[in-house]
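Novice: Same order as they appear, the protein sequences are chains A and B.
Under my numbering, think of the first position of the first sequence as 1, with each following residue one higher.
Under my numbering, think of the first position of the second sequence as 153, with each following residue one higher.
By construction, the Cβ of each residue, glycine as well, lies at the ideal position given by its N, Cα and C atoms.
Quick caveat, the model's predicted, so the values are computed rather than measured.
What follows is a structure written as structure tokens; I'll ask about it next.
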Amino acid sequence: MKEFKVTPIRNGTVIDHIDCGQALNVLRILGINEHNVDSTVSVLMHVASQKTAWKDVVKVEDRELDKQTVDKIALISPKATIDIIRDFNVAEKYKVLLSDRVVELVRCGNPNCITNKSEPVRPEFDVEARDPPLLRCVYCDRVLEEITENLI
Amino acid sequence: MNFKDMDVVSIRDFSRAQIEEILERARSMLPYAKGEKVTRALEGKVLGNLFFEPSTRTRLSFESAANRLGAKVIDVSQTSSTSIIKGETLADTIRMVEAYSDAIVLRHPHEGAARLAAHFSAKPVINAGDGAGSHPTQTLLDLFTIQEELGSIEGMNVIILGDLKYGRTAHSLAEALTVFGAKLTFVAPETLQMPKDTVEQVRRLGGDPVITDDIEGEISSADVLYITRIQQERFPDPAEYQKVAGAYRVDKAMLREAKKDLIVMHPLPRIDEISPEVDETQHAKYFKQAFNGIPVRMALLTSVLGVDI
């Protein structure tokens, strides 16, 4: 019999195939902390995976993710998949995929970039590669080195 | 080719064919730039020259280019004389200057400022240097100088020497020269070598640059020696600066093994990278290079304003 380490969820989202070690950053993207959720959140770290050697998994009950949140997950974990669960069934399943341009998801890491100077503009990046993500600031033309640290 | 209302923010915004067209137009501007012929092609036009950072050549040459074409210039040359000091954003300043002029030239201490200005202005914006970012009109006049002096850029051996890490002219020049098929050698101490990002971009464009810290071994095969200023403020230890600056000082003795028609270029200002004794040799082209800013900027101004001569 198959052994479940975490019980299935009735309604919610399973974020699977998260890059190993990124689960806590996914929680940060989801804005989850101990004070602001009423449903169960399960975090699995360092789980054996068939596709990659190891992966992380996050299950969030009673919540479906908007596009902006999914795009942020794609920035730190480009192989992640999203399963939307309704009444214990997988209602939708898709892979995260960054669009060609990323708007207002990350700040430019260059402190001298005009987007970090209180001007009325949103940080924008051209996506030059998706796995691993390579983002180039539309304004200052620099490649963003530390994506996780600059998530908005 | 139509350049009307085009923003000139980065040299990457231009195709090789577009650059060639601008260089061709610059050549046709030479008699006007020298004052041998007179034109009023831009009469009635107003150029907004915004310089929020010190500049001598770029500011004066844009002003001179506009004057040679019959345009008027309104300008800001220090932040303290504007509402920026009251906390006005660059975006608002640009919206205002857009209403007062037909084209905007901007130098600003922050990277990306010109792209921001282009975003807020429907009138064409020309980047005259944004922090450590790009300086596309410098690159265009560098290409123009090589083409004028050597007849071609393709296949030329170009040494770029000096502060390749922080010097904004070096990065866009390296990329543009690669697009034109020049062979590049980057000479700098390890701490000031070309950033990885630029080297990778040069390789993606089909270049195979030689990276070294030894100038002596490279000089005899060079067609162009492009020198950039080693910036003293980058060195925490003045003794370390002296050591590096001394090793790369170009003098007559260093040029003894050079080809007869080697050209020596520098975006200026120079401090002590080039000995004054080089000025009198046939290799020295840096003052001519500075002059070339006029025809190139005349070509850009008429192009983005959609006026033919």
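Rounding to the nearest angstrom, what Cα-Cα distance links G153/A and C137/A in this structure?
Specialist: This structure gives no information on residue 153/A, because the portion of chain A shown stretches from 1 to 152.
Novice: Is D244/B helix, strand or coil by DSSP?
Specialist: As a working note, residue 244/B is residue 92 in the second sequence. Looking at D244/B - three-state DSSP - the assignment turns out to be helix.
Novice: For L344/B, tell me which candidate among P388/B, G314/B, I423/B, M181/B has the shortest Cα-Cα distance.
Specialist: For the purposes of this step, residue 344/B is taken as residue 192 along the second sequence, with counting starting at 1. Cα-wise, what sits closest to L344/B is G314/B.
Novice: Between E501/B and H418/B, is the Cβ-Cβ spacing less than 8 Å?
Specialist: What is shown of chain B runs 153 to 461, which leaves residue 501/B out entirely.
Novice: Within 8 Å of any Cβ in chain A, is that where the Cβ of S286/B sits?
Specialist: Taking the second sequence and counting its residues from 1, the one referred to as residue 286/B is at position 134. Yes, S286/B counts as interfacial toward chain A.
Novice: Is the beta carbon of L414/B less than 8 Å from the beta carbon of L377/B?
Specialist: Here residue 414/B is taken as the residue at index 262 of the second sequence, counted from 1. Here residue 377/B is taken as the residue at index 225 of the second sequence, counted from 1. Yes, the Cβ-Cβ distance between L414/B and L377/B is below 8 Å.
Novice: Is H262/B close to chain A? Criterion is C-beta to C-beta, closer than 8 Å.
Specialist: What you label residue 262/B is simply residue 110 of the second sequence in a count that begins at 1. Output row for H262/B: interface = yes.
Novice: Determine the direct distance from the alpha carbon of G196/B to that of T148/A, and round the result to whole angstroms.
Specialist: Residue numbering aside, residue 148/A sits at position 148 when the first sequence is read from its first letter. Residue numbering aside, residue 196/B sits at position 44 when the second sequence is read from its first letter. If I take the Cα positions, the gap works out to 52 Å.
Novice: Please report the Cβ distance between D157/B and V456/B, rounded to the nearest whole angstrom; I am assuming they are in contact, meaning their Cβ atoms lie under 8 Å.
Specialist: Within the second sequence, numbered from 1, the residue matching residue 157/B stands at position 5. Within the second sequence, numbered from 1, the residue matching residue 456/B stands at position 304. The pair is a contact, with the Cβ atoms about 7 Å apart (cut-off 8 Å).
Novice: Which residues in chain B have a C-beta closer than 7 Å to the C-beta of N150/A? List them in chain order.
Specialist: Position 150 of the first sequence, counted from the start, is the residue given in the question as residue 150/A. Result: empty, since nearest Cβ-Cβ is about 15 Å, beyond 7 Å.
Novice: Put G445/B into one of helix, strand or coil per three-state DSSP.
Specialist: Within the second sequence, numbered from 1, the residue matching residue 445/B stands at position 293. The answer is helix: DSSP assigns G445/B an H, G or I state.
Novice: Say whether chain B places a C-beta atom closer than 8 Å to the C-beta of V127/A.
Specialist: As a first step, residue 127/A must be located in the first sequence, where it is residue number 127. No, V127/A lies away from the interface with chain B (no Cβ there is under 8 Å from its Cβ).
Novice: Going straight from the alpha carbon of R214/B to that of G285/B, what length do you get?
Specialist: Numbered from 1 along the second sequence, position 62 holds the residue referred to as residue 214/B. Numbered from 1 along the second sequence, position 133 holds the residue referred to as residue 285/B. What sits at residue 214/B in the sequence shown is Phe, not Arg. Approximately 19 Å, taken between the alpha carbons.
Novice: Give the C-beta separation of V448/B and L325/B to the nearest angstrom, bearing in mind that I take them to be a contact with Cβ-Cβ under 8 Å.
Specialist: In the second sequence, counting from the first residue as 1, residue 448/B sits at position 296. In the second sequence, counting from the first residue as 1, residue 325/B sits at position 173. With a contact defined as Cβ atoms closer than 8 Å, V448/B and L325/B miss out at about 14 Å.
Novice: Grouping DSSP H, G and I as helix and E and B as strand, with all else coil, what is M417/B?
Specialist: Within the second sequence, residue 417/B is the residue found at index 265, counting from 1. In this structure, M417/B counts as strand in the three-state DSSP scheme.
Novice: Alpha helix (DSSP H) containing I379/B: first to last residue?
Specialist: Position 227 of the second sequence, counted from the first residue, corresponds to residue 379/B. Per DSSP, I379/B lies in no alpha helix (DSSP H) segment; the continuous beta strand (DSSP E) that holds it begins and ends at 376 to 379.
Novice: Please specify which runs of the alpha helix (DSSP H), each continuous and at least 4 residues long, are wholly inside the stretch 170 to 232 of chain B, giving them in chain order.
Specialist: With a minimum length of 4 residues, the continuous alpha helix (DSSP H) runs that stay inside the stretch 170 to 232 of chain B are 209 to 220.
Novice: Under a three-way DSSP split, which group does D254/B fall into?
Specialist: Locating residue 254/B in the second sequence gives position 102, counting from the first residue. Reduced to three states, the DSSP call for D254/B is coil.
Novice: Helix, strand or coil: how does DSSP classify T343/B here?
Specialist: Residue mapping note: residue 343/B aligns to position 191 of the second sequence, counting from 1. In the structure shown, T343/B adopts helical secondary structure according to DSSP, grouped into three states.
Novice: What do you get for M153/B, buried or exposed, if any count of 16 or more other CB atoms within 10 angstroms of its CB means buried?
Specialist: Reading the second sequence from its first residue, position 1 is the one you call residue 153/B. It counts as exposed.
Novice: Please state whether the Cβ-Cβ distance between V249/B and A266/B is less than 8 Å.
Specialist: As a working note, residue 249/B is residue 97 in the second sequence. As a working note, residue 266/B is residue 114 in the second sequence. In this structure, A266/B does not lie closer than 8 Å to V249/B by Cβ.
Novice: Could you check if A185/A is buried or exposed, using at least 16 other CB atoms within 10 Å of its CB as the buried criterion?
Specialist: Only positions 1 to 152 of chain A appear in the structure, and residue 185/A is not among them; the question remains open.
Novice: What are the boundary residues of the alpha helix (DSSP H) that P133/A is part of?
Specialist: Along the first sequence, read from residue 1 onward, the residue named residue 133/A stands at position 133. Not the alpha helix (DSSP H): P133/A falls in the beta strand (DSSP E), residues 133 to 137.
Novice: Quick check on H435/B: buried or exposed, where buried means 16 or more other Cβ atoms within 10 Å of its Cβ?
Specialist: Translated into positions along the second sequence, residue 435/B becomes position 283. Buried, because 16 or more other Cβ atoms sit within 10 Å of the Cβ of H435/B.
Novice: For L105/A versus K72/A, is the C-beta distance shorter than 8 Å?
Specialist: Counted from its first residue, the first sequence places residue 105/A at position 105. Counted from its first residue, the first sequence places residue 72/A at position 72. Here L105/A is near K72/A, since their CB atoms are less than 8 Å apart.
Novice: Does the beta carbon of V106/A come closer than 8 Å to any beta carbon on chain B?
Specialist: Walking along the first sequence from the start, residue 106/A turns up at place 106. Not an interface residue.
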